[in-house]
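Quick note, our numbering runs 191 ahead of the 1-based positions in the sequence shown.
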Amino acid sequence: MRYLAPIVVLLFAAVGRGDSVARFWLSEDNAISSGPKASVINATANVQKTLYLWGRPATGKKFVNFSLHLVANQTGVDFVDGSYVTHNQRTVGVSRYAFVLDSLSVPALESLETSVSVAGGATDTLLNWQGFTLFPSATERGVGPTCAQSEVGCFIAGDGQPAWLMGSLAINPLAIGAVVDLQLQVGDLGINQATVPVGDYDHDGVVATADRTVWSSTFGSTTQLAADGSASAVIDAADYTVWRDNLAALGMVESSALTQVQFGGNPLDPIYNASTQRSISLAGDAYDARITVVAPATIAATAVPEPGASLAAFFALLVIGTFSRDARAERVAPVR
Ligand SMILES: [Ca+2]
Ligand SMILES: [Ca+2]
C-alpha cells in the first residue's frame with residue numbers, strides 16, 4: 192500500500208502532461224517556447240507587436256488538419272490585416288500542409304488561408320486560421336509527434352515536450368488603458384490528428400524503407416532519437432527489430448470527434464471536442480493572451496535602470512563619499 196500514493200501521483204503526472212490532448216497557445220516567443228501558457232503582455236500603444244501561435248499534437252500523433260479562430264473580448268487591439276501567417280515549411284522539400292481550395296464546401300475549405308471578420312466594426316475576430324493535409328504523403332506530413340527530422344520551427348519546450356511554431360500575426364494596440372483578452376477557439380473546420388505507427392521514423396504515415404534509412408543514419412546516437420522505436424534513449428539494434436516487425440504498418444487518420452483540444456496553459460481550462468465544440472469559448476476558459484495597452488511614457492517610467500546607469504550612479508556615490516571623507520578629514524585636522 193505504501194507504494195500506492197507515488198504510483199497514483201505518477202499516473203496523474205502523466206495525465207497532467209496532457210498526453211491525450213492536443214494543445215495550442217499564444218506567445219511572444221518566436222525562437223523557443225517555454226511550453227503551453229497564457230501570455231500576459233504589456234503592449235505600447237500604436238506599436239505593432241507579433242504574436243506567435245504554438246501547437247503540440249497529442250502524444251504519438253500528428254496534426255493533419257487544423258482550423259482555429261482567434262477572438263478578442265473587447266475593442267482596443269487591432270489584428271493587422273494581411274499579417275496572418277500559417278507556417279508551412281516542415282523541412283527542406285517537405286510541407287506541413289497541402290494547398291487545398293474547395294469553394295463549394297461550407298465554409299469554403301482553404302488551406303493556409305485566413306479570413307477576418309470585424310464584428311460591428313469594433314472587436315476583431317480572426318476566423319479559420321488553418322492548414323490542411325487531406326492525404327498525408329512523403330511531401331506533406333502534418334505536424335509530427337517529435338522534433339525528429341530537423342523540422343523547421345520544432346523545439347523542445349521548457350516542459351521537455353515538443354512545441355511547434357504554427358503561425359504568427361501582428362496586433363496593433365490602439366486604446367491606452369484597454370485590457371483585451373484573446374482566446375483561441377476550434378475553427379469552423381475542426382482539427383484532425385493521425386496516429387503515427389511504431390517504426391514510422393520519418394512520420395510520413397507508413398513504415399517503409401525510408402524509416403530504416405533514418406535508423407541506420409543515426410545508429411548509436413543518444414541525441415537524434417527519431418528512430419528510437421524501443422524507447423531506450425539510444426538508437427540500437429532493438430530499434431531495427433521494431434522497424435522490421437512493423438514494416439508496411441499504416442497510420443490512421445482520425446475523425447475530428449476523436450481530437451480533444453486545450454488552449455493556453457491552465458490545466459483547469461476546459462477541454463474542447465474538435466467536432467462538436469467549434470466556434471465557441473466554453474465557460475471557465477481563461478484567456479490565452481491578455482494584452483494591456485500602455486502609453487509609451489508608462490513603459491519608460493517603469494523601466495528598470497540599465498546596468499550601465501547603475502554603475503555610473505555607484506561611481507558617483509563613491510566619488511561623493513570619498514569627497515565627504517576628505518572634507519571631514521580637513522575639518523577635523525586643525526583640532527589634532
Ligand atoms: Ca515512414
Ligand atoms: Ca533504442
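C-beta: ideal position from N, C-alpha, C; glycine also.
Residue i: CB within 6 Å of a non-hydrogen atom of ligand 1
i      : result
Ala399 : yes
Asp430 : no
Asp210 : no
Asp393 : yes
Asp350 : no
Asp436 : no
Asn402 : Going by the sequence as given, residue 402 is Asp instead of Asn. Answer for Asp402: yes, Cβ within range of ligand 1.
Residue i burial status per 10 Å Cβ neighbour count (16 or more: buried)
i      : result
Phe326 : exposed
Gly368 : exposed
Pro496 : Note on Pro496: pLDDT 49, under 50, position unreliable in the model; no value is reported.
Gln453 : buried
Gly284 : exposed
Ser286 : buried
Asn221 : exposed
Val404 : A small correction: the amino acid at residue 404 is Thr; Val does not occupy that position in the sequence shown. It counts as exposed.
Ala465 : buried
Ser423 : exposed
Pro438 : According to the sequence shown, residue 438 is Leu rather than Pro. Its Cβ having fewer than 16 others within 10 Å, Leu438 is exposed.
Leu259 : buried
Ser302 : buried
Leu473 : exposed
Leu441 : exposed
Gln376 : buried
Phe506 : Low confidence applies to Phe506: its pLDDT is 39, below 50, so where it sits in the model is not reliable, and the reading given next is rough at best. Phe506 should be labelled exposed.
Met443 : exposed
Ser211 : exposed
Pro197 : Per-residue confidence for Pro197 stands at a pLDDT of 41, beneath the threshold of 50, marking its modelled position as unreliable; no derived number is given.
Arg281 : buried
Val397 : buried
Val238 : exposed
Ala417 : buried
Arg214 : buried
Glu219 : exposed
Thr467 : exposed
Pro487 : exposed
Gly273 : exposed
Any non-hydrogen atom of ligand 2 within 6 Å of residue i CB
i      : result
Val389 : no
Ser421 : yes
Val271 : no
Val405 : no
Val371 : no
Ser315 : The question names Ser, yet the displayed sequence has Asp at residue 315. No, the Cβ of Asp315 stays beyond 6 Å of every heavy atom of ligand 2.
Ala460 : It is worth fixing the name first, because residue 460 is Asp in this sequence and not Ala. Asp460 Cβ: outside cutoff for every heavy atom of ligand 2.
Val425 : yes
Nearest-angstrom Cβ-Cβ length linking residue i and residue j, presumed shorter than 8 Å
i      : j      : result
Thr386 : Gly251 : 7 Å
Asn383 : Glu331 : Asn383 to Glu331, Cβ: 14 Å. No contact.
Trp216 : Asp479 : 6 Å
Gly344 : His394 : So it is not a contact: roughly 15 Å between Cβ atoms.
Gly456 : Ala234 : Incorrect: roughly 19 Å between the Cβ atoms, too far for contact.
Pro336 : Lys253 : 6 Å
Leu318 : Gly381 : No, Leu318 and Gly381 are not in contact; Cβ-Cβ is about 14 Å, not under 8 Å.
Leu242 : Leu365 : That belief does not hold up - the Cβ atoms of Leu242 and Leu365 are roughly 15 Å apart, past 8 Å.
Val370 : Arg481 : 7 Å
Thr324 : Val276 : No, Thr324 and Val276 are not in contact; Cβ-Cβ is about 17 Å, not under 8 Å.
Cβ-heavy atom distance, residue i to ligand 4, below 6 Å
i      : result
Phe410 : For ligand 4, the structure offers nothing, since it holds only ligand 1 and ligand 2.
*What are the uninterrupted segments assigned as alpha helix (DSSP H) that are 4 or more residues long and contained completely in the stretch 314 to 370, given in chain order?*
none
_Those runs of the beta strand (DSSP E) which lie wholly inside the stretch 248 to 274 and span at least 3 residues_ = 252 to 263, 268 to 270
*Counting only runs of 4+ residues fully inside the stretch 375 to 417, write out the alpha helix (DSSP H) ranges in chain order.*
If we require 4 residues or more, the alpha helix (DSSP H) runs fully inside the stretch 375 to 417 come out as 400 to 408.
*asked:* As an exercise, report each continuous alpha helix (DSSP H) stretch of at least 4 residues that is fully enclosed by the stretch 415 to 448, in chain order.
replied: 428 to 436
*Can you list the beta strand (DSSP E) stretches of 3 or more residues lying completely in the stretch 449 to 482, in chain order?*
451 to 454
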